[in-house]
Amino acid sequence: MIEGWLTSWQAMPIAGVFVVAVVLHLAIYLAWGSAVAVSYWFLREKAHAGRVLDERPLFPSQLKSELLRGSLNCGVIAVVTVLCLELSDKPMSSGPMLAVELLGLIALYEVTFYFLHRLLHTKPLHAIHGVHHKSVRTTPWSGLSVHPVEALFIEAPILLFVLLAPVSVAALVVFQVLLHYFSAVGHGNYDPFARLPGFGWLKSYTRMHQLHHAHGTVNYSTFSPLMDRAFRTHEP
Ligand SMILES: [Zn+2]
Ligand SMILES: [Zn+2]
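With numbering that gives the first Met the number 0, the residue at position 195 of the sequence shown is 194, and numbering never jumps.
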């Protein structure tokens with residue numbers, strides 16, 4: 000059934016694929032952001048577990064501004080998604096192959112986006128990346144609150160992977176869901192493990208991206224601290 004759905008997606012006219020891609024990006028972006036916000040609210044207010052990482056107030060109308068920008072950028076990233084889907088050569092892969100495609104996507108994304116993110120921190124691109132860094136205290140919806148050009152940067156590594164290696168529509172869809180999830184958690188501004196003994200690496204991972212927003216010159220990675228460790232930009 001899933002394969003049939005993925006095949007029918009590939010057979011759709013391009014305008015239809017674009018509309019479906021926008022709706023799916025929007026639904027996943029809003030759903031992950033809301034799920035992370037509600038679960039962190041529950042941990043903070045009801046379970047009294049964990050702690051807020053950055054207590055500074057949000058800038059005026061921050062939530063409204065982030066949700067508006069994020070929603071509009073779902074349209075921008077959907078353009079790249081459509082290109083990737085058109086270039087993808089098969090709807091589904093077998094279990095092990097799907098895992099290989101996903102690991103390949105994650106590895107290439109991690110390396111490519113690290114350098115793109117460092118490029119975004121250079122002076123000529125400051126005006127573009129400054130839009131994202133307006134959110135000093137982040138929220139689960141800050142991830143797509145970026146300049147439209149940066150929204151293209153966010154998706155560029157996926158297009159690069161599709162151009163370099165055969166990848167299924169299924170792997171592309173799962174990867175996009177993962178990317179939205181890591182974006183919501185990374186900007187969640189909450190450490191659920193803060194009051195537990197141990198879990199040092201997990202606590203460090205949880206505050207990784209918040210420290211990037213607080214200090215600006217550390218922790219450029221998305222999925223893991225490996226690239227930051229390799230290039231000495233990691234702040235634990
Ligand atoms: Zn940055
Ligand atoms: Zn960010």
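Every residue gets a Cβ at the ideal spot worked out from N, C-alpha and C, and that includes glycine.
When you compare each of 69, 44, 133 and 156 to residue 56 by their alpha carbons, which one comes out closest?
Taking the sequence shown and counting its residues from 1, one reaches residue 56 at position 57. Out of 69, 44, 133 and 156, 133 has the C-alpha closest to the C-alpha of residue 56.
Along the chain, where does the alpha helix (DSSP H) that runs through residue 200 open and close?
The count along the sequence shown starts at 1 and reaches residue 200 at position 201. Element bounds for residue 200: 199 to 214.
Hey, residue 236 and residue 84 are a contact pair by Cβ (cut 8 Å); roughly how many whole angstroms apart?
One cannot answer for residue 236 here, as it falls past the ends of the chain, which runs 0 to 235.
May I ask you to list the residues that DSSP assigns as paired with residue 50?
One-based indexing of the sequence shown puts residue 50 at position 51. Beta-bridge pairing links residue 50 to 190.
Runs of 4 residues minimum, wholly inside the region 4 to 88: which ones carry the alpha helix (DSSP H) assignment?
If we require 4 residues or more, the alpha helix (DSSP H) runs fully inside the region 4 to 88 come out as 13 to 44 and 61 to 86.
Give a yes or no on whether the C-beta atoms belonging to residue 109 and residue 38 are separated by under 8 Å.
As a first step, residue 109 is located in the sequence shown; it is residue number 110 there, counting from the start. As a first step, residue 38 is located in the sequence shown; it is residue number 39 there, counting from the start. No, the Cβ-Cβ distance between residue 109 and residue 38 is not below 8 Å.
Taking the alpha helix (DSSP H) that residue 116 falls in, what are its first and last residues?
The residue labelled residue 116 in the question sits at position 117 within the sequence shown. Residue 116 -> alpha helix (DSSP H) spans 94 to 119.
Give a single yes or no on whether residue 142 has its beta carbon closer than 7 Å to a heavy atom of ligand 2.
By 1-based counting over the sequence shown, the position of residue 142 is 143. Residue 142: yes, Cβ under 7 Å from ligand 2.
Quick check: the Cα distance between residue 77 and residue 167, rounded to an integer number of angstroms?
Indexing the sequence shown from 1 puts residue 77 at position 78. Indexing the sequence shown from 1 puts residue 167 at position 168. The alpha-carbon atoms of residue 77 and residue 167 are separated by roughly 17 Å.
State the Cα-Cα distance for the pair residue 207 and residue 185, rounded to the nearest angstrom.
On the sequence shown, residue 207 is found 208 positions in, with the first residue counted as 1. On the sequence shown, residue 185 is found 186 positions in, with the first residue counted as 1. Cα to Cα, the separation comes out at about 7 Å.
Assign residue 141 to one of three DSSP states: helix, strand, or coil.
Position 142 of the sequence shown holds residue 141. The answer is helix: DSSP assigns residue 141 an H, G or I state.
Which residues bound the alpha helix (DSSP H) around residue 174?
Taking the first residue of the sequence shown as 1, we reach residue 174 at position 175. Run containing residue 174: 168 to 185, per the alpha helix (DSSP H) assignment.
Throw me the rounded Cβ distance for the residue 219 and residue 113 pair, which I believe falls under 8 Å.
Here residue 219 corresponds to residue number 220 of the sequence shown, with the count starting at 1. Here residue 113 corresponds to residue number 114 of the sequence shown, with the count starting at 1. Confirmed, Cβ separation roughly 5 Å.
Which class does residue 152 belong to by DSSP, given the choice of helix, strand or coil?
Looking up residue 152 in the sequence shown gives position 153. Residue 152 falls in the helix class under three-state DSSP.
Just curious, the alpha helix (DSSP H) that residue 228 is in, first and last residue?
Counted from its first residue, the sequence shown places residue 228 at position 229. Per DSSP, residue 228 belongs to the alpha helix (DSSP H) from 225 to 229.
Shorter than 7 Å, the distance from the beta carbon of residue 131 to the closest heavy atom of ligand 1, or not?
On the sequence shown, residue 131 is found 132 positions in, with the first residue counted as 1. Residue 131 Cβ: within cutoff of ligand 1.
Which class does residue 126 belong to by DSSP, given the choice of helix, strand or coil?
Your numbering for residue 126 matches position 127 in the sequence shown. Correct three-state label for residue 126: helix.
When the Cα atoms are used, what is the spatial distance from residue 210 to residue 12?
As a working note, residue 210 is residue 211 in the sequence shown. As a working note, residue 12 is residue 13 in the sequence shown. So the two alpha carbons sit approximately 43 Å from each other.
Apply the 10 Å Cβ neighbour rule to residue 59 and answer buried if 16 or more other Cβ atoms are within range, or exposed otherwise.
Within the sequence shown, numbered from 1, the residue matching residue 59 stands at position 60. Counting Cβ neighbours within 10 Å, residue 59 comes out exposed, since fewer than 16 surround it.
If you compare alpha carbons, which of 92, 123, 202 and 154 is closest to residue 170?
Residue 170 sits at position 171 when you count from the first residue of the sequence shown. When each option's Cα is compared against that of residue 170, the closest is 92.
For the pair the region 41 to 52 and the region 113 to 133, tell me if three or more CB-CB distances fall below 8 Å.
No, the region 41 to 52 is not in contact with the region 113 to 133.
For residue 150, tell me which candidate among 137, 161 and 179 has the shortest Cα-Cα distance.
Along the sequence shown, one-based indexing puts residue 150 at 151. Answer by Cα proximity: 179.
Just the Cα atoms here: how many angstroms apart are residue 154 and residue 45?
The sequence position of residue 154 within the sequence shown is 155, counting from 1. The sequence position of residue 45 within the sequence shown is 46, counting from 1. Cα to Cα, the separation comes out at about 37 Å.
For residue 222, name the three-state secondary structure that DSSP assigns.
Residue mapping note: residue 222 aligns to position 223 of the sequence shown, counting from 1. Correct three-state label for residue 222: coil.
Which of the three DSSP states is assigned to residue 147 in this structure?
For this step, residue 147 is matched to residue 148 along the sequence shown. In the structure shown, residue 147 sits in a helix (DSSP, three-state: H, G or I).
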